[in-house]
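Notes follow once the structure below has been shown.
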Amino acid sequence: MSARRLAEQQPDSFEFTPENKAWLDRQIAKYPPGRQASAVIPALWQAQKQHDYWLPQKAIEKVADLLGMPYIRVLEVATFYTMFNLEPVGKFFVQVCGTTPCMLRGSDAIIEVCQKRIGEQRHVTADGLFSWLEVECLGACCNAPMVQINDDYYEDLTAESFAKLLDDLAAGRPTHVGPQNGRNRSEPLGGLTALTEFYGADGKSGPLSDPAAAAQPAHPGK
Amino acid sequence: MAKIIVDGIEVDVPAEYTLLQAAETAGKEIPRFCFHERLSVAGNCRMCLVEVKGGPPKPTASCAMSVKDLRPGPNGEPPEMFTNSPMVKKAREGVMEFLLINHPLDCPICDQGGECDLQDQALAFGRDRSRYTENKNAVENKYIGPLVKTEMTRCIQCTRCVRFTAEICGTSDMGNIGRGEDSEITTYLQSAMRSELQGNVTDLCPVGALLPRPQNFRARPWEYTKTPGVDVSDALGANIRIDTRGREVIRILPRINDAVNEEWISDKARQSVDGLKLQRLDRPYLRENGRLRPASWSEAFGAIAAKVQATSPDKTGFIGGDLSSVEDLFAAKALADKLGVKNIDARQDGAKLDPKNGRASYLFNASVEGIDAADALLIIGSNPRWESPVLNARIRRRWRAGDFHIAVIGEPHDLTYPYEHLGAGPDALAKVARGEGFGEVLAKAERPLILVGAGALAREDGAAIAALAAKLAVKGDWNGYSVLHTAASRVGALDIGFVPGEGGLTAAAMAKAGALDLLFLVGADEINVEPGAFVVYVGTHGDRGAHRADVILPGAAYTEKSGLYVNTEGRVQLTDRAGFPPGDAREDWAVFRALSAVLGKTLPFDSLAQLRALLNKAVPHMAQIDEIEKADAGALTKLPAGALSGAAFVSPITDFYLTNPIARASKVMAECSALAKGALKQAAE
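Read top to bottom, the protein sequences are chains A and B. Under our numbering, the first residue of the first sequence is numbered 6, with each subsequent residue one higher. Under our numbering, the first residue of the second sequence is numbered 2, with each subsequent residue one higher.
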């Protein structure tokens, strides 16, 4: 990681949508009077969601004004948490886990695909579809290697399945969220070996094994 | 109180004391970077690690753990701490090694060298060599204002500057962005700091990351001759140390005085030093055919003597300046008395304050320390942030302590703390005096502080406003009637009676066209003297007074003379001479003494000591240096009431950075002023 700065190209203004403003007012109301600053992270998060997954300077200032905080205090928060993007990201923002378990299971190959397909980290492709970032552990180690694309996890990747995933996303085809090797969540690849009587007859876990429900379209995050 | 054993020495300290304070009580010094007595505890530098028995079995940050957090021994023995055990030594060496990993080895070209905490503590507590062979981290320099130069690679992220701007200044200019090894100290998008106290971050910075920009590469700390002095840029009388190298004043630093300025000074006090050598009057001048020409002292005195002989005392006047020492004004007044002149006045702004109403009528009676004890504050016609930033920081600290109601009558400025704005003019004050609104808060308060500024006093109804304000302020032993002056010389001038005698004219009347034929300006630059009178200016800078003058006699600035200044609370303070006035300039009292001999009215002193002896006889409390002679609050009840006008209060200070001739001559102050006005685009890089 290196020092993070605000993007050079900045929009002229930022305004919360009425729905987001109402949502934010509810968050602020959770805290006692004079303690509105506690809502800074939800406020920044909502601003980022509203603004194509990155935080412009005006959004930081807007949040500061809403919460009665000095600008520098909000900037401190926005630069501290790496989940706040300070620069534009692609429509599909790929966060590749490179921490030890994923690295041992082949995240280097995933990163190589990113470099070949997308280019350098923190650079958006010319068509605006992709950008990627290597991040620290995302907490899905049993499905390593994995990436997070916008709000969804894609797990048990190989270079081939990941390349296909990117193709599908680029082409707007539906994708399968979760493990890409036929595994059901973090269950064993060959089906359950214990507690089988509690779950579905197909040897996979019950309630969510409906394939129709599992195959959700990828969110662009809008 | 709690007992604790520090390196075998048992001490009894308040339970809320930190281990660091307890160690200091026992006479043990603990190294520290982030900890500062006047800031909140951060605990992030880890330099103050100590070993404790009765606490966690690992080195403990002594600045952040209090004595009451430690458990006693199994048999009830007091907890023990060690500041020199092998564990502590190893911990300090380790912390120091980590701090030095990313600290550049540029001490030879660093201005902090010689007064650097990191350098000193690395010598005292560090290892003798580095084991680190990787590349060091480098950090981009930041623009944070015209007064502070940054060298951010040297920063050790102690966050003292961040806490100072957030807590003391109240402007929250600085912050720590990024995380981990990418942490950077900066202002918001590299804008200039907005506080009038920002220069203090250079004193707080324990390394060479934040340095005073105007003093960049000027001198090494050990080259300075250090002279204790008193600041004259406002009426607080902040204690300063004047550092000179050769004849030149290079920098001014605060001296610690908890009763006055603690350890802060305003930017004007600190950085108008370059004004001391610019625009200086270094020889007498005479106006001939409308142009000033250099002259000798005897020529100048001859011209004045001719004019004095031709003028009747009724048509002669003396106006005292804002930066003059008590001795200067005393000598000028002695000369005026000898000449039989009644037209003398030091109140250039026309403040309706008169020594005949008693000393309590013009002092900051609550005293600066009394701000900490006050429980309600009413500010009338003053902008303390500009009239005395350090005093304002004290008000802010009192506000931060909680349970402190503040209201303002006058212009609603950003004072760095919230307040209730009651109105713009005397109507609002009359309402409070009737006990309505904020008047109820004051009535309930035991120690109300009524801060009256020049904006309320320097106007036609000033005396009536003072009388009204005084009624609100006195409760039992507490006298909260507090005048915040804008001129360093004002209280001293009023103490020695530098006001019009029987039938004499005030400063404003003297400046009117046709009022006088001969006018002496004793460093008076804040008044516009209309055409007509023959003006003799005794002062230091080619400012307004000198431009108007017919004869200029060069005087000594406050760093160039030993003199007494009485601050707004009535504290008599002595400043020492740090250097000599330039060229032919002389100390003002000596100028008047020499002039008196030429006029055949020789004054009865030949030295400063003799002058002081006379002064002490006339005004005994001038001998009590650093003391406040308490004023009798009873006099306040006799203040004459009068009619109030409807006009709003306006603070006389419109530009904080340019209030006196020294500051107006200073390039640094001009830059600050332009920046404050927004004329200068905030440089991004």
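Glycine included, each C-beta is placed from N, C-alpha and C at the ideal position.
Given residue i as reference, the closest of the options once Cα atoms are compared
{"i": "Ile6 (chain B)", "options": "B:Pro80, B:Gly44, B:Glu38", "result": "B:Pro80"}
{"i": "Pro626 (chain B)", "options": "B:Leu615, B:Tyr566, B:Asp585, B:Gly679", "result": "Reading the sequence as shown, one finds Ile at residue 626 (chain B) and not Pro. It is B:Tyr566 whose Cα lies nearest to the Cα of Ile626 (chain B)."}
{"i": "Cys46 (chain B)", "options": "B:Gln158, B:Tyr144, B:Leu71", "result": "B:Gln158"}
{"i": "Ala375 (chain B)", "options": "B:Lys137, B:Asp478, B:Glu503", "result": "B:Asp478"}
{"i": "Gly303 (chain B)", "options": "B:Glu168, B:Gly643, B:Ser597", "result": "B:Ser597"}
{"i": "Glu531 (chain B)", "options": "B:His548, B:Phe218, B:Glu264, B:Asn217", "result": "B:His548"}
{"i": "Lys15 (chain A)", "options": "A:Tyr36, A:Pro38, A:Gln62", "result": "Residue identity differs from the one stated: residue 15 (chain A) is Gln in this sequence, not Lys. Here the closest residue by C-alpha is A:Gln62."}
{"i": "Arg9 (chain A)", "options": "B:Asp235, B:Val140, B:Gly44, B:Pro105", "result": "B:Val140"}
{"i": "Arg348 (chain B)", "options": "B:Ile528, B:Leu637, B:Asp204", "result": "B:Ile528"}
{"i": "Glu447 (chain B)", "options": "B:Ala636, B:Ile305, B:Ile372", "result": "B:Ile372"}
{"i": "Asp244 (chain B)", "options": "B:Ala236, B:Gly230, B:Asp235", "result": "B:Gly230"}
{"i": "Gly438 (chain B)", "options": "B:Ile451, B:Leu452, B:Gly426, B:His422", "result": "B:His422"}
{"i": "Val492 (chain B)", "options": "B:Ile381, B:Arg572, B:Asp204", "result": "B:Arg572"}
{"i": "Glu370 (chain B)", "options": "B:Ala516, B:Arg587, B:Leu277, B:Val261", "result": "B:Val261"}
Residue i versus residue j - alpha carbon distance
{"i": "Arg284 (chain B)", "j": "Thr603 (chain B)", "result": "23 Å"}
{"i": "Lys513 (chain B)", "j": "Ala467 (chain B)", "result": "26 Å"}
{"i": "Ala671 (chain B)", "j": "Thr569 (chain B)", "result": "26 Å"}
{"i": "Leu50 (chain B)", "j": "Gly95 (chain B)", "result": "11 Å"}
{"i": "Leu148 (chain B)", "j": "Ile253 (chain B)", "result": "13 Å"}
{"i": "Lys54 (chain A)", "j": "Phe85 (chain A)", "result": "18 Å"}
{"i": "Leu709 (chain B)", "j": "Lys121 (chain A)", "result": "The first residue shown for chain B is 2 and the last is 686, placing residue 709 (chain B) beyond what the model contains."}
{"i": "Ile251 (chain B)", "j": "Val42 (chain B)", "result": "33 Å"}
{"i": "Ile497 (chain B)", "j": "Ser273 (chain B)", "result": "28 Å"}
{"i": "Arg594 (chain B)", "j": "Ala664 (chain B)", "result": "28 Å"}
{"i": "Asp462 (chain B)", "j": "Ala455 (chain B)", "result": "12 Å"}
{"i": "Thr734 (chain B)", "j": "Asn103 (chain B)", "result": "Absent from the model: residue 734 (chain B). The displayed extent of chain B is 2 to 686, so no value can be given."}
{"i": "Pro193 (chain A)", "j": "Ile115 (chain A)", "result": "22 Å"}
{"i": "Trp137 (chain A)", "j": "Leu198 (chain B)", "result": "44 Å"}
{"i": "Leu21 (chain B)", "j": "Glu388 (chain B)", "result": "37 Å"}
{"i": "Ala145 (chain A)", "j": "Cys107 (chain A)", "result": "9 Å"}
{"i": "Thr487 (chain B)", "j": "Glu630 (chain B)", "result": "20 Å"}
{"i": "Asn142 (chain B)", "j": "Ile241 (chain B)", "result": "30 Å"}
Chain-order list of residues whose beta-carbon lies under 8 Å from that of residue i (same chain, five-residue window excluded)
{"i": "Ala83 (chain A)", "result": "Leu49, Leu60, Ile65, Phe89, Leu91"}
{"i": "Ile46 (chain A)", "result": "Val82, Tyr86"}
Beta carbon proximity, residue i to chain A, threshold 8 Å
{"i": "Asn568 (chain B)", "result": "no"}
{"i": "Asn76 (chain B)", "result": "no"}
{"i": "Asn177 (chain B)", "result": "yes"}
{"i": "Tyr482 (chain B)", "result": "no"}
{"i": "Tyr363 (chain B)", "result": "no"}
{"i": "Arg180 (chain B)", "result": "yes"}
{"i": "Glu185 (chain B)", "result": "yes"}
{"i": "Thr26 (chain B)", "result": "no"}
Neighbourhood of residue i by C-beta distance below 7 Å, restricted to the same chain and skipping five residues each side
{"i": "Cys41 (chain A)", "result": "Rather than Cys, the amino acid found at residue 41 (chain A) in this sequence is Gln. So the list reads Ile33, Leu72, Gly73, once near-sequence residues are dropped."}
{"i": "Ala23 (chain B)", "result": "Ile5, Val7, Val12, Val14, Val68"}
{"i": "Leu495 (chain B)", "result": "Leu354, Pro356, Tyr363"}
{"i": "Arg195 (chain B)", "result": "Thr172, Asp174"}
{"i": "Asn148 (chain A)", "result": "Glu160, Asp161, Pro184, Ser191"}
{"i": "Glu139 (chain A)", "result": "Val101, Gly103, Ile116, Gln126"}
CB contact flag (residue i, residue j, <8 Å)
{"i": "Leu330 (chain B)", "j": "Gly318 (chain B)", "result": "no"}
{"i": "Val163 (chain B)", "j": "Ser267 (chain B)", "result": "no"}
{"i": "Ala431 (chain B)", "j": "Leu469 (chain B)", "result": "yes"}
{"i": "Met97 (chain B)", "j": "Glu52 (chain B)", "result": "no"}
{"i": "Ala361 (chain B)", "j": "Ala619 (chain B)", "result": "no"}
{"i": "Pro32 (chain B)", "j": "Gln122 (chain B)", "result": "yes"}
{"i": "Ser483 (chain B)", "j": "Ala352 (chain B)", "result": "no"}
{"i": "Thr154 (chain B)", "j": "Asn177 (chain B)", "result": "no"}
{"i": "Ala394 (chain B)", "j": "Ile145 (chain B)", "result": "no"}
{"i": "Asp585 (chain B)", "j": "Trp298 (chain B)", "result": "yes"}
Beta carbon proximity, residue i to chain B, threshold 8 Å
{"i": "Pro179 (chain A)", "result": "no"}
{"i": "Ser7 (chain A)", "result": "yes"}
{"i": "Lys227 (chain A)", "result": "Unreliable placement is indicated for Lys227 (chain A), whose pLDDT of 37 sits below 50; the coordinate value is still reported in the next sentence. No, Lys227 (chain A) does not count as interfacial toward chain B."}
{"i": "Phe85 (chain A)", "result": "yes"}
{"i": "Ile77 (chain A)", "result": "yes"}
{"i": "Glu81 (chain A)", "result": "yes"}
Neighbourhood of residue i by C-beta, 6 Å cutoff - its chain only, sequence neighbours within 5 removed
{"i": "Leu416 (chain B)", "result": "Arg386"}
{"i": "Arg281 (chain B)", "result": "Pro583"}
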